[in-house]
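Going by numbering that gives the first Met the number 0, the first residue of the sequence shown is number 0, and it counts up by one from there. Idealized CB from N, CA, C, for every residue including glycine.
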Amino acid sequence: MPEPKRLFIETLGCAMNVRDSEHMIAELNQKEHYILTQDLSQADLILINTCSVREKPVAKLFSEIGVFNKKKKPSAKIGVCGCTASHLGEEIIRRAPSVDFVLGARNVSKITEVIGVKHAVEVETDYDESTYAFGEYRSSPFKAMVNISIGCDKGCTFCIVPATRGEEISIPSDLIVQEITKAVGTGAKEVMLLGQNVNNYGRRFGAHNEEINFTGLLQKVSKIEGLERIRFTSPHPLHMDDAFLEEFAANPKICKQIHVPLQSGSTPLLKAMKRGYTQENFLNRCAKIRALCPEATISTDIIVGFPGESDADFEETMKVLEQVRFEQLFSFKYSPRPLTEAAHYEAQVDPEIASARLSRLQAHHTEILDEIMGAQLGKIHAVYFDELKPHGRIAGRSDDGKLVFVEGSEALLGEIVDVRITKSSRGALDGEVI
Ligand code: SAH
Ligand code: F3S
Numbered sequence: 000m001p002e003p004k005r006l007f008i009e010t011l012g013c014a015m016n017v018r019d020s021e022h023m024i025a026e027l028n029q030k031e032h033y034i035l036t037q038d039l040s041q042a043d044l045i046l047i048n049t050c051s052v053r054e055k056p057v058a059k060l061f062s063e064i065g066v067f068n069k070k071k072k073p074s075a076k077i078g079v080c081g082c083t084a085s086h087l088g089e090e091i092i093r094r095a096p097s098v099d100f101v102l103g104a105r106n107v108s109k110i111t112e113v114i115g116v117k118h119a120v121e122v123e124t125d126y127d128e129s130t131y132a133f134g135e136y137r138s139s140p141f142k143a144m145v146n147i148s149i150g151c152d153k154g155c156t157f158c159i160v161p162a163t164r165g166e167e168i169s170i171p172s173d174l175i176v177q178e179i180t181k182a183v184g185t186g187a188k189e190v191m192l193l194g195q196n197v198n199n200y201g202r203r204f205g206a207h208n209e210e211i212n213f214t215g216l217l218q219k220v221s222k223i224e225g226l227e228r229i230r231f232t233s234p235h236p237l238h239m240d241d242a243f244l245e246e247f248a249a250n251p252k253i254c255k256q257i258h259v260p261l262q263s264g265s266t267p268l269l270k271a272m273k274r275g276y277t278q279e280n281f282l283n284r285c286a287k288i289r290a291l292c293p294e295a296t297i298s299t300d301i302i303v304g305f306p307g308e309s310d311a312d313f314e315e316t317m318k319v320l321e322q323v324r325f326e327q328l329f330s331f332k333y334s335p336r337p338l339t340e341a342a343h344y345e346a347q348v349d350p351e352i353a354s355a356r357l358s359r360l361q362a363h364h365t366e367i368l369d370e371i372m373g374a375q376l377g378k379i380h381a382v383y384f385d386e387l388k389p390h391g392r393i394a395g396r397s398d399d400g401k402l403v404f405v406e407g408s409e410a411l412l413g414e415i416v417d418v419r420i421t422k423s424s425r426g427a428l429d430g431e432v433i
């Protein structure tokens, strides 16, 4: 048997990139035997799965390629994959000729073709992989990530993703069910349904058509025997109709954690972002979630310093934070991106003002988080244990997404067990199995 090859893979960005990396590993392994390595100098193949949502990681890419070149074996190949590959294409090879190939976020299935072609560039964004049968590889035996759609049609004016991941296409529901059933058969009790805009599921199918929306998909998936937990990311506030929220609240397999990306609390700014909802609509949806499902945790994404954001606009964002009391906040300073409308808007906000707003937002969120986590003491959570930690500890997630540690052994791995919380901190909880 030939020696296995060693693969070093760096994955930046969103959950979808994490799944794309798994798909690439699976595809590579169908042709040759690869084993993963964390040691760059040992690698035969180096993949950088990039994110282009903000400017910083893109700028870092070229310096990173320089560093990798110094450390790697002379024979090792470097591939740049993901959204920056889609967006910059051939320019990557021009700026960094040591890169062997460039593979876009929409072309993952072509990984085994491009590794053999010096300076191959595959970045077509209208390529339809929605029915491609990827090989099997999952980084965790306990939890499966499954794509339900690719691309995004929304065209938020700040966001480069529609330009890098192309038009939105839903994956046939039977294929989704098949894939989850397979993962459950090998021990996964939890699935994370992935898409840029999951609750717009059913909008368009590539190869064939069917009449099903996200609520229908959730109902179908929850019939899979042995599957105990369903999560999904990311939904869009615009598509949170009552039927979906009622399914979310009533279906016992759906984890009670929901991401409701706000972006801004100011209605005029939401309009400039082309988000399709107002502050009032947004608050109404969050109130509906709280009414139907008081135990649910709500997380969000917020951008500060979008062009034209005044102090008054920012105060509206603070107001929504205060009202909804998001448990998790992913907050970013606006970063102008090529191929987006907002990059051409006048009235770009002074970066220092944006930084000051970001700090204020994050400081207030930290206070809210401390209160939420402090209130967990004595509570009981059902925790799905999936990770052994040093010093006889084991970690897992509660149904509502909190990280929980207990003292315990391998015997708990893959089990969902009730835990009483004995200690809380900002990022995690400690407890004891009851
Ligand atoms: N639908 C996807 C959105 C991908 S982008 C999802 O929910 O995962 C992820 C987040 O990055 C967005 O919600 C937004 O808050 C942030 N983002 C996107 N473009 C940005 C930009 N130009 N500047 C700063 N943050 C941005
Ligand atoms: Fe981006 Fe808006 Fe789609 S944030 S991924 S264009 S929903």
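Thinking C-alpha only, which one of LYS109, CYS82, GLU321 and ASP300 is nearest LYS332? Counting from 1 along the sequence shown, the entry for residue 332 is found at position 333. That would be ASP300, whose Cα lies nearest to the Cα of LYS332.
In this structure, does DSSP put GLN347 in helix, strand or coil? The count along the sequence shown starts at 1 and reaches residue 347 at position 348. If DSSP states are grouped into helix, strand and coil, GLN347 belongs with coil.
Could you please go through the chain and list the residues whose beta-carbon is closer than 6 Å to any non-hydrogen atom of the ligand F3S? CYS151, LYS153, GLY154, CYS155, CYS158, VAL160, PRO161, GLN195, ASN196 and HIS235
Residues bridged to ALA394 (per DSSP): Translated into positions along the sequence shown, residue 394 becomes position 395. As computed with DSSP, ALA394 is found in a beta bridge with GLU386 and PHE404.
Could you tell me which residues DSSP puts in a beta bridge with TYR33? Locating residue 33 in the sequence shown gives position 34, counting from the first residue. According to the DSSP secondary-structure assignment, TYR33 is paired through a beta bridge with LYS4.
With respect to 7 Å, is the separation between the Cβ of PHE331 and the closest non-hydrogen atom of the ligand SAH below this value? Working through the sequence shown from its first residue, we reach residue 331 at position 332. Result yes, Cβ under 7 Å from the ligand SAH.
Residues that ASN146 bridges to, as DSSP identifies them: As a first step, residue 146 is located in the sequence shown; it is residue number 147 there, counting from the start. LEU193.
Among HIS363, THR163, LEU360 and GLU89, which has the Cα closest to the Cα of VAL107? On the sequence shown, position 108 is the one that residue 107 refers to. Ranking HIS363, THR163, LEU360 and GLU89 by Cα distance to VAL107 puts THR163 first.
Return yes when the Cβ of THR111 is within less than 8 Å of the Cβ of ALA271, no when it is not. Along the sequence shown, read from residue 1 onward, the residue named residue 271 stands at position 272. Along the sequence shown, read from residue 1 onward, the residue named residue 111 stands at position 112. Going by C-beta atoms, ALA271 is not nearer than 8 Å to THR111.
Following the continuous beta strand (DSSP E) through HIS258, name the residue where it begins and the one where it ends. Start at 1 with the first residue of the sequence shown, and residue 258 comes out as number 259. Bounds of the beta strand (DSSP E) holding HIS258 are 256-258.
Quick one: is the Cβ of ARG324 within less than 7 Å of any heavy atom of the ligand SAH? If you number the sequence shown from 1, residue 324 lands on position 325. False, no ligand heavy atom lies under 7 Å from that Cβ.
With respect to 7 Å, is the separation between the Cβ of CYS13 and the closest non-hydrogen atom of the ligand SAH below this value? As a position in the sequence shown, residue 13 is number 14, starting the count at 1. The answer is yes for CYS13.
Any non-hydrogen atom of the ligand SAH within 7 Å of VAL52 CB: Along the sequence shown, one-based indexing puts residue 52 at 53. The ligand SAH approaches VAL52 closely enough that one of its heavy atoms is under 7 Å from the residue's Cβ.
Under the three-state reduction of DSSP, which class applies to ASN212: helix, strand or coil? In the sequence shown, the residue the question calls residue 212 occupies position 213. ASN212: coil per DSSP, three-state reduction.
Can you give me the C-alpha to C-alpha distance between VAL403 and HIS343, rounded to a whole angstrom? In the sequence shown, counting from the first residue as 1, residue 403 sits at position 404. In the sequence shown, counting from the first residue as 1, residue 343 sits at position 344. Answer to the nearest angstrom: the Cα atoms are 45 Å apart.
Along the chain, where does the alpha helix (DSSP H) containing GLY65 start, and where does it finish? For the purposes of this step, residue 65 is taken as the residue at position 66 of the sequence shown. Taken as a continuous stretch (DSSP letters only), the alpha helix (DSSP H) holding GLY65 covers 54-70.
If you draw a straight line from the alpha carbon of THR296 to that of LEU282, how long is it in whole angstroms? Against the sequence shown, residue 296 aligns to sequence position 297. Against the sequence shown, residue 282 aligns to sequence position 283. Straight-line Cα distance between these residues: approximately 15 Å.
Rounded C-alpha distance that separates VAL52 from ASP173: As a first step, residue 52 must be located in the sequence shown, where it is residue number 53. As a first step, residue 173 must be located in the sequence shown, where it is residue number 174. Spanning the two alpha carbons is a distance of roughly 31 Å.
Considering just the uninterrupted stretch of the alpha helix (DSSP H) at CYS80, what are its terminal residues? As a first step, residue 80 must be located in the sequence shown, where it is residue number 81. Looking at the DSSP string, CYS80 is not in any alpha helix (DSSP H); the run it does join, the beta strand (DSSP E), is 76-81.
Candidates ALA119, SER138 and GLU63: closest to HIS22 by CA position: Translated into positions along the sequence shown, residue 22 becomes position 23. If we check each option's Cα against that of HIS22, SER138 comes out closest.
Determine, using beta carbons only, whether GLY103 and VAL116 come nearer to each other than 8 Å. Counting from 1 along the sequence shown, the entry for residue 103 is found at position 104. Counting from 1 along the sequence shown, the entry for residue 116 is found at position 117. For GLY103 and VAL116, no; Cβs fall outside 8 Å.
Could you tell me how far apart the beta carbons of GLY12 and GLY81 are, in whole angstroms, since I believe they sit closer than 8 Å? Reading the sequence shown from its first residue, position 13 is the one you call residue 12. Reading the sequence shown from its first residue, position 82 is the one you call residue 81. About 7 Å separates the two Cβ atoms, so the contact holds.
Proximity to GLY304 [Cα-Cα], best of ALA355, GLN322 and HIS258: Working through the sequence shown from its first residue, we reach residue 304 at position 305. Taking each of ALA355, GLN322 and HIS258 in turn and checking the Cα distance to GLY304, the smallest one comes out for ALA355.
Nearest-angstrom Cα separation, counted from SER233 out to SER397: Along the sequence shown, read from residue 1 onward, the residue named residue 397 stands at position 398. Along the sequence shown, read from residue 1 onward, the residue named residue 233 stands at position 234. For SER397 and SER233, the distance between alpha carbons rounds to 19 Å.
Starting from LYS270 and walking both ways along the alpha helix (DSSP H), at which residues does that stretch end? Residue mapping note: residue 270 aligns to position 271 of the sequence shown, counting from 1. 266-271 is the span of the alpha helix (DSSP H), which, as asked, contains LYS270.
Below 8 Å, how does it come out for the stretch 322-339 and the stretch 367-387: are there three or more Cβ pairs, yes or no? yes
With distances taken from CA atoms, which of ASN198, HIS235 and VAL259 is nearest LEU217? For the purposes of this step, residue 217 is taken as residue 218 along the sequence shown, with counting starting at 1. Looking at the Cα atoms, ASN198 is the closest of the given residues.
Beta-ladder partner(s) of ARG228, from DSSP: Here residue 228 is taken as the residue at index 229 of the sequence shown, counted from 1. Paired residues: GLU189.
Give the DSSP bridge partners of ASN48, in chain order. By 1-based counting over the sequence shown, the position of residue 48 is 49. According to DSSP, ASN48 bridges with THR10 and CYS80.
Measuring CA to CA, which of CYS285, GLU178 and VAL120 is closest to GLY134? The sequence position of residue 134 within the sequence shown is 135, counting from 1. Nearest of CYS285, GLU178 and VAL120 to GLY134, Cα basis: GLU178.
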